[in-house]
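Enquirer: Let me give you the structure first, and then I'll get to my questions.
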Amino acid sequence: MIQGRNAIITGSTSGIGRGIALKLAADGTRVMINGFGEDTDIADLLAELEKLSGKKPFYSPADMSDPAQIEAMMALAENELGDVDILVNNAGIQFVSPIEDFPTDKWNQIIAINLSAAFHTTKAVVPGMKSRGWGRIINLASAHSLVASPYKSAYVAAKHGIAGLTKTVALEVAEHGITVNAVSPGYVLTPLVEAQIPATAKARGISEKDVIQTVMLSNQPTRKFVEIEDVAAAVAFLCSDTAKGITGSNMTVDGGWTAQ
Ligand code: NAD
């Protein structure tokens, strides 16, 4: 049961994070969403979340690459939501390029958003979770936390990093009723993936259609994209009381990719 819990989901104005926010709200959780987007889209999402959960949701526009904005978001969450029971570190970006051309600012940005942001949010929520003896921290990693692909050096490094952060924090808080797990999707057709199709085609010198068929779906034995709802269901399960014995794990939702 996660009914009555409060949750923050970073990067939840789009894609997987949006799906997780909708699922947690449907399960009775009061949510704080975060991410970029048009004001009207965010207002529509907040209205949908309120309808699903019956509880007023909140929005923080904090930029996850900026520790000061993350700190402000965590303070807002405590004021508006109250106790933060569930933290889902989901915000992430991608950039595809051979290492010799990889822009240093893109490397720094990916490490900041996809890895360091989770350090800052986790550091902020752990004391409260410890004092209440209950907490759930879910880090959206990736199949790329377990295996690599060429031209994604920063992303693969950040995702391997968050898998390590997950295990370390899980050990530190294990006696306090707090679980810390990673969820690792394969390819999900979200704006993040759509945007990398042309860049991958360029880096590999192949067509965009071939990127989908021979680079992305060829990795997944199901030959299908993973669906947002599949990932959201895994996250909701890990947030439940039933999953109290699962911590420090890296749950793949990758159509069999990393089983090969
Ligand atoms: P997406 O582009 O659809 O959504 C990303 C979200 O993060 C958006 O809400 C965006 O506004 C937000 N965001 C981006 N930069 C931000 C910043 N600086 N501060 C705050 N918010 C920011 O992407 P997605 O595919 O839904 O990816 C979500 C997570 O899932 C990422 O961590 C990604 O690495 C991971 N993932 C995605 C896939 C996939 O195939 N789509 C596979 C494995 C893992």
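Numbering (my numbering), first residue to last: 330 to 589.
Even for Gly, the Cβ is constructed at its ideal location relative to N, Cα and C.
Specify the secondary structure class of Val502 as computed by DSSP and reduced to three states.
Expert: As a first step, residue 502 must be located in the sequence shown, where it is residue number 173. Looking at Val502 - three-state DSSP - the assignment turns out to be helix.
Enquirer: Assuming Arg533 is part of the alpha helix (DSSP H), what are its boundary residues?
Expert: Residue numbering aside, residue 533 sits at position 204 when the sequence shown is read from its first letter. Unbroken alpha helix (DSSP H) run through Arg533: 520 to 533.
Enquirer: Quick check: what's the CA-CA separation for Ala511 versus Gly534?
Expert: As a position in the sequence shown, residue 511 is number 182, starting the count at 1. As a position in the sequence shown, residue 534 is number 205, starting the count at 1. Whole-angstrom Cα-Cα distance: 33 Å.
Enquirer: Taking C-alpha atoms, which residue in Ser578, Ser569, Ser394 lies nearest to Lys352?
Expert: Working through the sequence shown from its first residue, we reach residue 352 at position 23. The candidate whose alpha carbon is nearest that of Lys352 is Ser569.
Enquirer: Touching or not, the segment 481 to 493 and the segment 539 to 548, by the rule of three or more beta carbon pairs under 8 Å?
Expert: no
Enquirer: Is the beta carbon of Ala336 less than 9 Å from the beta carbon of Leu405?
Expert: Numbered from its first residue, the sequence shown carries residue 336 at position 7. Numbered from its first residue, the sequence shown carries residue 405 at position 76. In this structure, Leu405 does not lie closer than 9 Å to Ala336 by Cβ.
Enquirer: Could you name the residues of the same chain whose beta carbon sits closer than 6 Å to that of Ala355, not counting the 5 residues immediately before and after it, in chain order?
Expert: By 1-based counting over the sequence shown, the position of residue 355 is 26. Sequence-distant Cβ neighbours of Ala355 in its own chain, meaning closer than 6 Å and more than five residues away, are Leu381.
Enquirer: Distance, Cα to Cα, Gly515 vs Val582?
Expert: On the sequence shown, residue 515 is found 186 positions in, with the first residue counted as 1. On the sequence shown, residue 582 is found 253 positions in, with the first residue counted as 1. Cα to Cα, the separation comes out at about 6 Å.
Enquirer: Pull up the DSSP beta-bridge partners for Leu416, would you.
Expert: Taking the sequence shown and counting its residues from 1, the one referred to as residue 416 is at position 87. Paired residue(s): Ile337, Ile466.
Enquirer: Mind reading off the beta-carbon distance from Asn437 to Gly421? Whole number of angstroms is fine, and I expect it under 8 Å.
Expert: For the purposes of this step, residue 437 is taken as residue 108 along the sequence shown, with counting starting at 1. For the purposes of this step, residue 421 is taken as residue 92 along the sequence shown, with counting starting at 1. About 15 Å; that fails the 8 Å criterion.
Enquirer: Rounded to a whole number of angstroms, what is the C-alpha to C-alpha distance between Gln423 and Gln525?
Expert: Numbered from its first residue, the sequence shown carries residue 423 at position 94. Numbered from its first residue, the sequence shown carries residue 525 at position 196. Cα to Cα, Gln423 sits roughly 7 Å from Gln525.
Enquirer: Under 8 Å from any heavy atom of the ligand FMN, does the C-beta of Lys488 make it?
Expert: Here the bound small molecules are the ligand NAD; the ligand FMN is not part of this structure.
Enquirer: Here's the rule I'm using: 16 or more other beta-carbon atoms within 10 Å means buried, otherwise exposed. How should Arg359 be labelled?
Expert: Counting from one through the sequence shown, the residue named residue 359 turns up at place 30. Looking at its Cβ environment, which holds 16 or more other Cβ atoms inside 10 Å, Arg359 is buried.
Enquirer: Taking the continuous beta strand (DSSP E) assigned at Met402, which residues delimit it?
Expert: Taking the sequence shown and counting its residues from 1, the one referred to as residue 402 is at position 73. Premise fails: Met402 lies in the alpha helix (DSSP H), 396 to 409, not in any beta strand (DSSP E).
Enquirer: Helix, strand or coil for Met393, going by three-state DSSP, please let me know.
Expert: Along the sequence shown, read from residue 1 onward, the residue named residue 393 stands at position 64. Met393 falls in the coil class under three-state DSSP.
Enquirer: Among all the DSSP beta bridges, which residues are the ones paired with Ser513?
Expert: Residue mapping note: residue 513 aligns to position 184 of the sequence shown, counting from 1. Note: Ser513 sits in a beta bridge opposite Thr581.
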